[in-house]
Amino acid sequence: MVVFPITLVLSLLLLTTSATLPPEKRITCGGNYGWFDEKPWEGKPCPPPQWEPTWPLNLSTTPWTPWGPEVAAGNIPGFYSPKNASRWGWITFDWSVANALWQNHHPHDNEAIMIEQCRQVKAEGTGTRCMVYRNVELALQWQETCRAAMTEENAKKGWFLQFKTQEACDAAPPCDVAAWHNILNATAPLIPCNKTAPRAAPNCPSCCNFTASRVYNEPIGGPWPPNPASNGTRFGNNALNDGQLFWDYRNPEVQDYFAEKVILAGAMQDHVDGMFTDDPGGYGQEHGAVQAAVQLTDSEVADLQRTTQLAWTKALNLVAKAGKYFPQAYRTTPPFIFNTTPAGVASCAQWMRTQCALPANESTQTYPQIQGNLETSQMYIAAFLVSRGPYSYLSAPALVGVGDWSDPLFRLHRLDTGKPMGACTESKTGVFNRKWTGGTAEVDCTTATAKLDFASLVPPK
């Protein structure tokens with residue numbers, strides 16, 4: 014994948030997609046991410062954030078949607094442009110951001126680098142909300158709070174999934190990459206990893222970590238040693254060489270550590286507004302090879318997936334109480350379909366009525382981003398402005414971050430809307446309006462057209 018610093022990109026999937034079935038019963042709220050047997054807008058609404066509602070259009074955009082691949086600013090060697098990031102209302106930074114920096118720090122300090130990225134964005138003074146990455150399924154060795162938990166003591170207490178038997182561990186294939194600098198010894202040099210390497214070496218793929226506990230590990234990285242031309246990053250022909258252990262949430266201590274240390278403590282850092290909790294379904298959402306090694310029974314898998322959801326919910330409750338939030342707590346709207354056919358008119362009108370009637374405390378939704386030409390795009394913007402609730406956000410394309418004022422689609426996202434002066438109204442059958450302090454928005458489902466009567470744009474800061 015070719016990546017440019019100004020581009021919002023699809024995040025890396027950490028490893029392969031699993032064939033493991035999703036939980037039979039969902040107990041979490043928010044979006045479903047293709048994991049639960051429901052549409053992405055059908056999940057139970059999460060309690061809304063405790064922050065003040067953000068009404069201006071330019072502060073209500075996000076490059077992220079809870080349906081489809083993760084979209085975040087990441088996979089770049091340096092910091093993402095804070096000026097570009099500050100053009101969004103809410104942005105999420107992936108673990109891979111500024112990778113050439115934190116991967117050359119030993120031990121790796123990915124969490125600190127993401128906090129610094131958010132500090133730079135906040136320094137622009139636009140009011141952009143900034144969130145950073147954590148993984149629910151995996152304990153990632155390159156993140157400080159996860160690495161702190163990777164101890165022999167915690168392994169013996171069952172904090173991580175383990176090979177079912179010592180024989181299975183011993184039969185695991187030999188490894189060709191290793192880094193001995195993060196778990197037990199932060200200063201020792203990198204060493205080759207093979208059958209004679211210390212069991213505590215964190216990067217033996219599908220081998221055991223720790224002598225007594227047989228902890229299963231799927232490290233992330235490329236060939237060893239790294240290509241000198243790679244600037245020390247994991248992308249391309251090089252190696253990150255950090256471990257990925259699997260949290261075992263059946264242990265209540267793990268639920269508490271994840272919620273309080275991995276999530277809440279990170280979210281409470283200055284400049285951070287919340288946590289992007291990747292793989293919220295936990296075990297089986299990615300990394301299909303793990304089941305062959307740990308050999309959980311169906312009932313054990315069900316219990317692990319249930320307790321994973323408990324841990325996520327506990328973490329969400331803590332961060333929401335603290336005035337922070339999760340992107341994964343957002344659902345999408347149903348698909349917005351409009352055209353001048355009888356079916357299209359009926360679909361548009363029903364969609365608008367449904368969205369306009371949604372209670373404020375259920376408005377944690379991301380609306381669909383613009384599509385097509387300027388006229389069609391105006392329908393998406395108008396539908397958002399007419400029907401949105403106090404906590405709704407508009408998914409928006411990368412052009413928002415680029416900030417080209419000659420682009421009419423960028424200017425469309427900079428309408429100086431102000432705040433709503435009332436609720437959505439259906440002035441006549443199939444025609445929906447809403448007044449704002451900056452103007453008026455209208456959606457006419459009968460003609461599949463929109464009006465955006467706003468006098469000015471929000472200027473660059």
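Under our numbering, think of the first position of the sequence shown as 14, with each following residue one higher.
We put the CB at the ideal spot given by N, CA and C, even for glycine.
Treat the numbers as computed from the prediction; the structure is a model and nothing was measured.
Judged by their CB atoms, Gly44 and Ala342 are nearer to each other than the 9 Å cut-off. In the three-state scheme derived from DSSP, where H, G and I count as helix and E and B as strand, Gly431 is classed as coil. It is roughly 8 Å from the alpha-carbon of Thr320 to the alpha-carbon of Gln268. For Ser226, there is no enclosing beta strand (DSSP E), as DSSP marks it with neither H nor E.
According to the DSSP assignment, Glu273 belongs to no beta strand (DSSP E), since it is labelled neither H nor E.
Residue environment analysis places Leu329 among the buried positions, since at least 16 neighbouring C-beta atoms fall within 10 angstroms of its C-beta. In the DSSP assignment, Trp449 forms a beta bridge with Pro433, Gly452. Straight through space, the alpha carbons of Phe106 and Tyr146 are spaced by roughly 6 Å. In the three-state reduction of the DSSP assignment, Cys458 falls in the coil class. Taking Tyr270 as the centre and dropping the five residues before and after it, the same chain places the C-beta of Ala162 closer than 7 Å to its C-beta, in chain order.
Rounded to whole angstroms, Glu137 and Ser99 show a C-alpha spacing of 7 Å.
Per DSSP, Ser109 lies in no beta strand (DSSP E) and is assigned neither H nor E.
Taken atom to atom, the span from the alpha-carbon of Glu157 to that of Asp311 is near 33 Å. The criterion of a C-beta distance shorter than 9 Å is satisfied by Trp103 and Thr75. If you check the CB distance, Gly414 and Asp429 do not come in under 9 Å. Listed in chain order, the non-local C-beta contacts of Ser405 below 8 Å within the same chain comprise Ser73, Ser376, Thr377, Gln378, Thr379, Tyr380, Phe397, local neighbours out to five positions each way being set aside.
Ranking Pro433, Lys334, Lys135 by CA distance to the CA of Trp449 puts Pro433 first. When rounded, the separation of the alpha-carbon atoms in Glu51 and Gln318 is 17 Å. Going by beta carbons, Arg344 and Pro58 fall inside the 9 Å limit. Proximity of the region 169-182 to the region 296-309 meets the contact definition, three or more beta-carbon pairs being nearer than 8 Å. The continuous beta strand (DSSP E) containing Tyr146 extends over residues 142-148. Listed as beta-bridge partners of Phe173 by DSSP are Trp260.
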